[in-house]
Amino acid sequence: MAERLDMNSLSKFDGCNYNQWRFQMNCALRAKVLYEIVHGTELKPENNNETQKAWIKNDATAMFILTSALDYAQITLIENCESSHQIIDKLDSIYLQRSESSKMIAHERFHQYRMKDSDSVAQHIANVENLAKKLKDIGETVSDAAIMTKIISTLPQTFLNFRQAWLSVSEDRQTLTNLTSRLVDEEANLSLVEQMETAFTVSSGKNQSAKSKRSTKQSEPSSSGSSKQKSVDQNQEVKQNIKCYQCGKRGHIARFCRNKPKHKSSHRDKEYTSFNVDFPGGVNMENTWITDSGASAHMSYRAELFSNMSAVSEGTTVVIGNNVSLPVIGKGDIDIEKKIKGEWYKSVITNVLFVPDLRRNLFSEAVATKKGWSIMKEEKKAEILHGSKLIASAILDDNNNYRMLFRNISVHQAQQVTENSLKAWHDRLGHVNFTRVREMIKSGVISGITLSDEDEILCESCLYGKQYRFHHASREVREEEVGERVFSDVCGPIATESSGGARYFVLFKVNGPSVLLY
1 MAERLDMNSL SKFDGCNYNQ WRFQMNCALR AKVLYEIVHG TELKPENNNE
51 TQKAWIKNDA TAMFILTSAL DYAQITLIEN CESSHQIIDK LDSIYLQRSE
101 SSKMIAHERF HQYRMKDSDS VAQHIANVEN LAKKLKDIGE TVSDAAIMTK
151 IISTLPQTFL NFRQAWLSVS EDRQTLTNLT SRLVDEEANL SLVEQMETAF
201 TVSSGKNQSA KSKRSTKQSE PSSSGSSKQK SVDQNQEVKQ NIKCYQCGKR
251 GHIARFCRNK PKHKSSHRDK EYTSFNVDFP GGVNMENTWI TDSGASAHMS
301 YRAELFSNMS AVSEGTTVVI GNNVSLPVIG KGDIDIEKKI KGEWYKSVIT
351 NVLFVPDLRR NLFSEAVATK KGWSIMKEEK KAEILHGSKL IASAILDDNN
401 NYRMLFRNIS VHQAQQVTEN SLKAWHDRLG HVNFTRVREM IKSGVISGIT
451 LSDEDEILCE SCLYGKQYRF HHASREVREE EVGERVFSDV CGPIATESSG
501 GARYFVLFKV NGPSVLLY
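Numbering (full-length UniProt numbering), first residue to last: 1 to 518.
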């Protein structure tokens with residue numbers, strides 16, 4: 001028998017993290033040489049001898065270990081179990097969840113898993129192996145090749161060269177152990193190269209400012225000069241061996257490559273920018289539009305201003321000047337009035353992004369220039385021109401921001417009816433008499449309504465509702481003699497039987513005198 005086991009070191013299972021608790025129990029049972037008894041591979045001897053007594057004692061020890069690592073709520077579930085094997089089977093049936101829906105969820109988690117930016121390679125491999133183990137625990141087959149493929153396919157782009165190198169490794173050496181060690185080494189090398197490249201970049205940035213200082217100290221002896229020169233040589237050697245992932249040339253990394261494509265990825269299509277971060281002062285920003293030279297689209301945070309709105313792609317964001325990403329909920333049009341040379345004119349700002357977390361309405365100068373408009377800024381004002389035609393104006397406020405001469409029209413104002421036909425109000429008021437509607441408007445009972453003149457008004461609904469049908473009397477030919485016509489009907493089956501046991505009856509009626517025949 002193994003040495004005494006400290007039961008206090010075992011964590012009690014409370015219904016959570018069953019796989020981890022089961023692994024802990026398997027380790028404890030193996031330490032006590034009880035694993036085979038618990039999992040049913042070592043059966044109880046049939047003969048009533050010392051071997052059977054030893055098996056019963058070992059099974060009792062296993063039951064004690066299992067129940068000592070369960071809280072009272074879990075012990076209630078296995079109170080009727082008479083052996084350690086029954087206990088572990090009962091817990092497996094409850095918590096391993098081998099149902100089809102559980103299998104589908106486990107498969108979905110495995111295939112949708114992606115490595116996080118904050119995870120190390122070791123954590124990434126452990127996460128994939130844990131997901132694969134959960135699939136195996138519910139009876140699904142997951143090969144090592146599938147696990148290795150999942151690990152490699154979800155690595156970041158910095159490991160692109162490693163993927164190609166791994167394909168050249170012979171099949172007998174493509175194992176999880178070899179993959180883990182190689183990835184850990186590759187991660188360490190990439191980290192070292194990045195640190196050296198960063199140090200080289202910082203050092204290069206300081207060369208110009210420190211040039212005069214170094215020139216004055218060139219003649220001075222230095223005890224650490226040889227070590228510094230050695231460090232510089234090492235950095236130069238590492239820099240020469242670095243290969244760029246972008247162009248394939250050596251001597252630099254992709255971040256500093258001059259051959260970067262203009263459009264890096266499709267994700268940029270969903271990302272807008274804005275340089276405007278804060279607006280100090282006591283200006284009411286709800287009805288104010290600020291010009292923004294860094295905004296890639298018009299933006300507003302007030303949903304009630306939009307006359308229409310359509311959905312945008314999921315994950316669309318706006319990156320403002322302090323490098324914070326704000327979610328974009330939708331895109332639509334906003335009705336406004338713009339002031340030009342002292343007069344207010346109605347207009348519409350189209351393709352405005354709805355950004356609830358934004359704190360102001362932004363008018364994009366980039367959008368205006370893309371339409372072929374020009375922006376002329378002077379000391380205290382700015383003008384947006386389309387050729388020689390003035391499109392909009394702005395003034396410079398105390399915070400050095402150009403504020404557009406716009407005023408918002410809420411959706412309620414935009415939809416307010418200023419003039420309607422008498423027929424329309426006749427329909428809205430439940431088809432009230434036309435004369436009555438005119439009298440209510442003239443007497444002031446209804447205010448804020450201006451009716452257009454109409455001489456002839458015809459409401460088809462009123463005409464249709466007031467029509468009536470002519471009565472056409474029915475003609476009935478009655479028989480002259482009794483019994484000339486007889487009507488009959490059969491009724492049944494009836495749930496309650498008659499006194500004679502019948503469940504059906506037949507009714508005969510003569511068209512004439514009221515005589516019923518049964």
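Where a beta carbon is used, it is the ideal one built from N, C-alpha and C, also for glycine.
Determine the burial state of residue i: buried for a count of at least 16 other Cβ atoms within 10 Å of its Cβ, exposed for fewer.
i	result
residue 507	exposed
residue 94	exposed
residue 376	exposed
residue 225	With a pLDDT of only 49 at residue 225, under the threshold of 50, the placement of this residue in the model should not be trusted, and no figure is reported.
residue 204	At residue 204, the pLDDT of 44 sits below 50, so the modelled position is not reliable; the number obtained from the coordinates is stated separately. The residue in question, residue 204, is exposed, as its Cβ has fewer than 16 Cβ neighbours within 10 Å.
residue 134	buried
residue 428	exposed
residue 21	buried
residue 498	exposed
residue 324	exposed
residue 470	exposed
residue 351	exposed
residue 328	buried
residue 38	buried
residue 494	exposed
residue 58	buried
Out of curiosity, what's the CA-to-CA distance linking residue i and residue j?
i	j	result
residue 13	residue 74	8 angstroms
residue 435	residue 334	39 angstroms
residue 10	residue 168	45 angstroms
residue 139	residue 96	10 angstroms
residue 407	residue 398	19 angstroms
residue 385	residue 392	7 angstroms
residue 370	residue 380	24 angstroms
residue 174	residue 111	21 angstroms
residue 16	residue 348	57 angstroms
residue 179	residue 316	37 angstroms
residue 152	residue 116	14 angstroms
residue 417	residue 424	For residue 417, the predicted model reports a pLDDT of 43, less than 50, meaning its position is unreliable; a value from the coordinates is still stated below. Their backbone Cα atoms lie some 11 angstroms apart in a straight line.
residue 42	residue 56	12 angstroms
residue 187	residue 164	16 angstroms
residue 306	residue 319	22 angstroms
residue 107	residue 132	9 angstroms
residue 119	residue 86	40 angstroms
residue 483	residue 510	6 angstroms
residue 303	residue 356	8 angstroms
residue 362	residue 294	10 angstroms
residue 433	residue 426	7 angstroms
residue 31	residue 191	41 angstroms
residue 462	residue 445	24 angstroms
State the start and end residues of the unbroken alpha helix (DSSP H) segment that holds residue i.
i	result
residue 337	Unbroken run through residue 337 is the beta strand (DSSP E), 330 to 340; no alpha helix (DSSP H).
residue 566	Past the boundaries of the shown model lies residue 566; the chain is included only from 1 to 518, so the question cannot be answered.
residue 443	434 to 443
residue 426	422 to 428
residue 464	460 to 466
residue 35	35 to 38
residue 144	144 to 153
residue 128	121 to 137
residue 157	No alpha helix (DSSP H) contains residue 157, which DSSP labels as neither H nor E.
Per the DSSP calculation, residue i is bridged to which residue(s)?
i	result
residue 406	338
residue 346	337
residue 310	331
residue 84	Note: residue 84 sits in no beta bridge, so no partner.
residue 289	361
residue 299	353 and 362
residue 390	385
residue 510	486
residue 505	491
residue 395	381 and 403
residue 70	13
residue 30	Its beta-bridge partners do not exist; DSSP assigns none.
Can you tell me the Cβ-Cβ gap for residue i and residue j, rounded? I've got them flagged as a contact below 8 angstroms.
i	j	result
residue 394	residue 382	4 angstroms
residue 339	residue 309	Between residue 309 and residue 339 the Cβ distance is about 26 angstroms, and since that is not below 8 angstroms, they are no contact.
residue 300	residue 354	6 angstroms
residue 28	residue 65	6 angstroms
residue 103	residue 128	Contact doesn't hold; Cβ gap of about 18 angstroms is too wide.
residue 360	residue 290	6 angstroms
residue 122	residue 184	6 angstroms
residue 288	residue 403	6 angstroms
Starting from residue i, trace the beta strand (DSSP E) both ways and give me its first and last residue.
i	result
residue 12	From DSSP, residue 12 is part of no beta strand (DSSP E); its letter is neither H nor E.
residue 487	486 to 491
residue 374	374 to 377
Against chain D, does residue i count as a neighbour if the rule is that its beta carbon must be under 7 angstroms from one of theirs?
i	result
residue 426	Among the chains in the structure shown there is no chain D, since it carries only a single protein chain.
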